[in-house]
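Note that the working numbering gives residue 11 to position 22 of the sequence shown, counting from 1, and the numbers run on in steps of one. Think of the CB as a built atom: it goes at the ideal place given N, C-alpha and C, for glycine as much as any other residue. Computed from a predicted model, the values in this text were never measured in an experiment. Just below is one structure, and these are the notes that go with it.
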Amino acid sequence: MVGIEYNPRARDVGMLANLVAVTETKKRPALIFGTSSDRIGTPSGRSFYATVSKDLSNLVKLPVAPYVGVAYSQFEHRFLPLAGLNITWNKDFSSLLIFDGVKLHPSLTYSFGKRHMMTFLLAQGRNPGVSYSISF
């Protein structure tokens, strides 16, 4: 996936990219590399990351998919641990708990159609924000 990310608060425009290097199977987690703006709340910089993720819904009988990884922060010039948990509530609603190595950011996403997503985010657990995504 390749896209453009715009953060008006930081006046930052940059590339957003994810590469699924290893796809998930019934027994194997996915391995994903990517880049985006640095952590939520930083005024500048890019982040480069690697994560492993696995849908555990069949194993634990709950609609959950955790991930863990590491990111390099250009703003802080250091590596940070990453973690998160995706919860699928139904075909339209999901939640993502994002730990960026410093703060936790909960979100709720509504998907409408196959191409559109609207996300409500509590950046740093307290600052509300909204994101809209469209896929081509």
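If you keep only unbroken beta strand (DSSP E) runs of at least 3 residues inside the region -8 to 30, you get 1 to 11, 19 to 26. Per DSSP, Leu74 is one residue of the beta strand (DSSP E) stretching across 67 to 77. By the neighbour-count criterion, in which a residue is buried when 16 or more other Cβ atoms sit within 10 angstroms of its Cβ, Thr12 is exposed. Per DSSP, reduced to three states, the secondary structure at Leu48 is helical. Secondary structure note for Met106: its beta strand (DSSP E) is the uninterrupted segment 105 to 112. Non-local beta-carbon contacts of Gly34 in its own chain, meaning distances under 6 angstroms to residues more than five positions away in sequence, involve Asp27, Gln63, Phe64 in chain order. When rounded, the separation of the alpha-carbon atoms in Gly118 and Ala54 is 23 angstroms. Judged by DSSP in its simplified three-state form, Arg115 adopts coil rather than helix or strand. Contact between Leu69 and Ser84 is ruled out by a C-beta separation of about 22 angstroms, above the 8 angstroms threshold. Within the same chain, no residue comes within 6 angstroms of Lys50 by CB-CB distance, once the 5 residues on both sides are set aside. For Phe37, DSSP records a beta bridge to Thr24, Tyr61.
For Ser124, there is no enclosing beta strand (DSSP E), since its DSSP letter is neither H nor E. Nearest C-alpha to Pro32 among Leu74, Met(-10), Gly114, Pro(-3): Pro(-3). Of the candidates Leu48, Gly23, Ser46, Gly30, the residue whose Cα lies closest to the Cα of Gly58 is Gly23.
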